[in-house]
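For the sequence shown, the residue numbers in this note's numbering are 78 to 539.
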Amino acid sequence: MNDRYDDYDDEAGQDTGGSGPGEQDEGGAPRRERGGPERTFAALPPAGGRGFAATWWGRAWLKALEDTALDGQQLKKGRQLARAGGVGAVSVRPGRVTAVVRDRDGTAHRSDVLLQQLGAGAWDRFLDMAVDRAGHIAALLDREMPPHLVEDAAGAGVDLLPGIGDLEPECTCGTWDHCPHSGALCYQVARLLDEDPFVLLLLRGRDERRLLNELQVRSTARAVRRGGGAPEAADGDRRGVPASEAFAAREFLPPLPAPPSAPAEPGLGRSLDTETAPAPGVDPVALAVLAADSAVRAHRMLLDALAPGHAEQPAPERLSPRQDAVRLAADARPGPDVTARLAAGSGRRRAELDAAVRAWRYGGVAALRVLEEEWEPDPGSLARARAQLDTAWETGERPSLRAGGRARWTVTGVDLQLRLDRNGRWWPYRRERGRWLPAGPADDDPAGALAGAEGAEPDEAT
Numbered sequence: 078m079n080d081r082y083d084d085y086d087d088e089a090g091q092d093t094g095g096s097g098p099g100e101q102d103e104g105g106a107p108r109r110e111r112g113g114p115e116r117t118f119a120a121l122p123p124a125g126g127r128g129f130a131a132t133w134w135g136r137a138w139l140k141a142l143e144d145t146a147l148d149g150q151q152l153k154k155g156r157q158l159a160r161a162g163g164v165g166a167v168s169v170r171p172g173r174v175t176a177v178v179r180d181r182d183g184t185a186h187r188s189d190v191l192l193q194q195l196g197a198g199a200w201d202r203f204l205d206m207a208v209d210r211a212g213h214i215a216a217l218l219d220r221e222m223p224p225h226l227v228e229d230a231a232g233a234g235v236d237l238l239p240g241i242g243d244l245e246p247e248c249t250c251g252t253w254d255h256c257p258h259s260g261a262l263c264y265q266v267a268r269l270l271d272e273d274p275f276v277l278l279l280l281r282g283r284d285e286r287r288l289l290n291e292l293q294v295r296s297t298a299r300a301v302r303r304g305g306g307a308p309e310a311a312d313g314d315r316r317g318v319p320a321s322e323a324f325a326a327r328e329f330l331p332p333l334p335a336p337p338s339a340p341a342e343p344g345l346g347r348s349l350d351t352e353t354a355p356a357p358g359v360d361p362v363a364l365a366v367l368a369a370d371s372a373v374r375a376h377r378m379l380l381d382a383l384a385p386g387h388a389e390q391p392a393p394e395r396l397s398p399r400q401d402a403v404r405l406a407a408d409a410r411p412g413p414d415v416t417a418r419l420a421a422g423s424g425r426r427r428a429e430l431d432a433a434v435r436a437w438r439y440g441g442v443a444a445l446r447v448l449e450e451e452w453e454p455d456p457g458s459l460a461r462a463r464a465q466l467d468t469a470w471e472t473g474e475r476p477s478l479r480a481g482g483r484a485r486w487t488v489t490g491v492d493l494q495l496r497l498d499r500n501g502r503w504w505p506y507r508r509e510r511g512r513w514l515p516a517g518p519a520d521d522d523p524a525g526a527l528a529g530a531e532g533a534e535p536d537e538a539t
């Protein structure tokens with residue numbers, strides 16, 4: 078009844094077994110020659126009052142045993158033998174698990190439990206499935222067997238866990254069904270499976286090292302094919318992998334390719350000029366501006382990310398919608414209609430948006446705050462600012478400055494002004510058509526800021 082188990086898969090390169098002349102095991106049975114991978118586990122201590130399976134896959138193993146055995150009393154005796162420590166060292170190899178089991182009187186019997194190995198086709202399907210879902214093998218490396226691994230394998234036509242009738246016994250006691258010795262061995266194997274589900278895969282025909290090596294080869298080959306233009310998997314077949322699982326699977330995943338260099342220019346969006354009229358409420362012109370702006374921002378972010386020292390730079394400040402409207406008007410340079418919408422949407426008149434755009438081009442959000450926000454320096458900040466103004470110019474060169482309050486100093490007789498921000502930097506302003514407008518970038522030195530404004534044309538920034 079067990080002949081089908083004695084011949085291992087040809088592609089596994091394992092011996093078919095057989096008795097060596099004059100060789101006997103500890104229980105008196107002929108010793109079989111063993112080929113292929115094998116793991117031997119030292120005898121476990123008595124189980125005491127604990128259960129034999131704590132994991133769901135260990136319990137599934139025992140359910141296959143209990144559904145297969147015809148005599149429940151024999152299994153009960155087997156549990157008692159295993160609990161008392163009657164099972165010796167356990168040898169696991171493809172298709173077979175073996176141990177010497179001692180009765181309470183000390184009589185030793187060699188007991189084997191046989192499980193059908195997976196054929197070459199089944200292993201191919203399992204490996205292909207595992208390469209597609211790296212999280213499965215990552216879980217095995219953590220000595221876990223998640224239910225979806227077994228489910229996905231079953232979907233590929235591969236049954237990992239045994240079912241009714243799959244665990245076949247052999248024992249030197251002569252019992253044809255599961256005897257107390259094979260039962261005790263199965264209960265002990267459930268404890269091993271709890272600790273390492275690779276024991277089950279070895280029984281099915283693959284040891285851990287070979288399995289991981291084959292996954293490495295397949296993963297690398299797949300990466301090479303895709304790099305050469307092989308089609309990607311369909312969207313329905315893609316599954317995300319948690320970062321922790323991907324990190325755990327690093328031992329067999331192929332190395333990441335070098336990142337590509339950044340393009341010289343931002344990409345161009347698709348044309349929105351079609352024969353179909355836009356849906357109500359959709360403005361194609363505004364949508365094109367947003368798409369082009371997104372491409373420019375993505376390109377800038379990529380260049381920043383690839384720049385040396387990027388990891389040490391602080392995260393960029395998050396803009397409010399009102400601030401982002403100014404950024405969009407400054408960077409995208411939209412037409413009059415979109416600019417008018419940005420002004421209205423940000424609560425500004427058109428002239429106010431133009432001034433805000435000029436400030437943005439000089440210094441981003443910091444310059445915008447100087448234009449639109451007023452603050453009153455505390456006495457310490459005010460004293461430091463006055464000291465800077467007193468020492469910024471050579472003797473006799475200091476212009477006449479009139480303090481206007483709110484951290485502002487106006488040059489007497491000239492339409493120029495200095496504004497101090499909360500970080501102690503100076504911003505030049507010029508009076509144009511009755512309004513104070515940004516006239517240059519910030520400077521730590523008030524004299525330098527003012528000199529930059531004096532040399533700039535009023536509309537240079539725009």
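We put the CB at the ideal spot given by N, CA and C, even for glycine.
Among residues of its own chain, excluding the 5 on either side of residue i, which ones have a beta-carbon nearer than 8 Å to its beta-carbon?
i, result
"ALA530", "LEU493, PRO505, TYR506, ARG507, ALA516 and GLY517"
"HIS376", "ALA339, PRO340, GLU342, PRO343 and GLY344"
"ASN500", "ALA443"
"GLN151", "THR252, ASP254, HIS255, CYS256, PRO257 and GLY260"
"THR117", "ALA166, VAL167, SER168 and VAL169"
"ARG427", "THR416, ALA417 and ALA420"
"GLY163", "VAL178, ARG179, ASP180, ARG181 and ALA261"
Quick check on DSSP: helix, strand or coil for residue i?
i, result
"THR416", "helix"
"ALA233", "coil"
"GLN494", "strand"
"TRP486", "strand"
"ALA307", "With a pLDDT of only 41 at ALA307, under 50, the local geometry of the prediction cannot be trusted, and the value read off the model is given with reservation. In this structure, ALA307 counts as coil in the three-state DSSP scheme."
"HIS186", "strand"
"PHE129", "coil"
"THR546", "Since the first residue shown for the chain is 78 and the last is 539, residue 546 is missing from the structure and cannot be characterised."
"GLY441", "helix"
"ARG399", "helix"
"LEU280", "helix"
"CYS541", "Here the chain has residues from 78 to 539 only, and residue 541 is not among them."
"SER338", "coil"
"ALA504", "According to the sequence shown, residue 504 is Trp rather than Ala. Three-state result, TRP504: strand."
"SER259", "helix"
"GLU143", "helix"
"ARG374", "helix"
"GLY149", "helix"
"THR472", "coil"
Leaving aside the five residues before and after residue i along the sequence, list all residues of the same chain whose C-beta is less than 7 Å from its C-beta, in chain order.
i, result
"MET206", "ASP229, ALA230 and ALA233"
"TRP437", "VAL403, ARG404, ALA407, ALA444 and LEU445"
"ASP271", "ALA130, ALA131, THR132 and GLY135"
"ARG202", "ALA233, GLY234 and VAL235"
"CYS250", "HIS186, CYS256 and HIS258"
"LEU383", "ALA339"
With C-beta atoms as the reference, is residue i less than 8 Å away from residue j?
i, j, result
"VAL403", "SER423", "yes"
"TRP503", "ARG483", "no"
"LEU47", "THR487", "Examination of residue 47 is not possible in this model, given that the chain is present from 78 through 539 alone."
"PRO456", "LEU495", "no"
"PRO123", "ARG179", "no"
"GLY282", "ALA141", "no"
"LEU570", "THR145", "Residue coverage of the chain in this structure runs from 78 to 539, which leaves residue 570 outside it and unanswerable."
"ARG220", "ASP273", "yes"
"LEU204", "LEU277", "no"
"VAL174", "VAL266", "yes"
"ALA460", "GLU449", "no"
"ALA464", "PRO454", "no"
"ALA215", "MET222", "no"
Does any CB atom of chain C fall closer than 8 Å to the CB of residue i?
i, result
"ARG283", "In the displayed structure, chain C is absent; only one protein chain is listed."
Out of curiosity, what's the CA-to-CA distance linking residue i and residue j?
i, j, result
"ALA310", "LYS153", "Residue placement at ALA310 is poorly supported in this model, since its pLDDT is 44, which falls under 50; the coordinates are not used for a value here."
"GLY386", "LEU380", "12 Å"
"ALA335", "ALA320", "20 Å"
"LEU280", "GLY149", "25 Å"
"ASP431", "ALA354", "32 Å"
"LEU147", "THR184", "24 Å"
"VAL491", "GLY481", "14 Å"
"GLY525", "VAL447", "18 Å"
"MET378", "ALA372", "10 Å"
"ALA511", "ALA368", "With the sequence shown as reference, residue 511 is identified as Gly, and Ala is not the correct amino acid for it. Each residue's Cα considered, the two are about 37 Å apart."
"GLU509", "ARG374", "32 Å"
"PRO476", "ARG485", "15 Å"
"GLU143", "CYS248", "17 Å"
Which residues in the same chain as residue i place their Cβ atom closer than 6 Å to its Cβ, once the five residues preceding and following it in sequence are excluded?
i, result
"GLY165", "ALA120, ALA176 and VAL177"
"ALA519", "GLY440, ARG502 and TRP504"
"ARG156", "TYR264"
"GLY242", "THR145"
Is the segment 292-300 touching the segment 185-193, taking contact as three or more C-beta pairs under 8 Å? no
Are three or more beta carbon pairs between the segment 359-366 and the segment 410-417 nearer than 8 Å? The segment 359-366, when compared against the segment 410-417, does touch it at the 8 Å Cβ threshold.
For the 8 Å Cβ check, are there 3 or more pairs between the segment 233-246 and the segment 193-207? Touching, yes, given that three or more Cβ pairs across the two stretches are closer than 8 Å.
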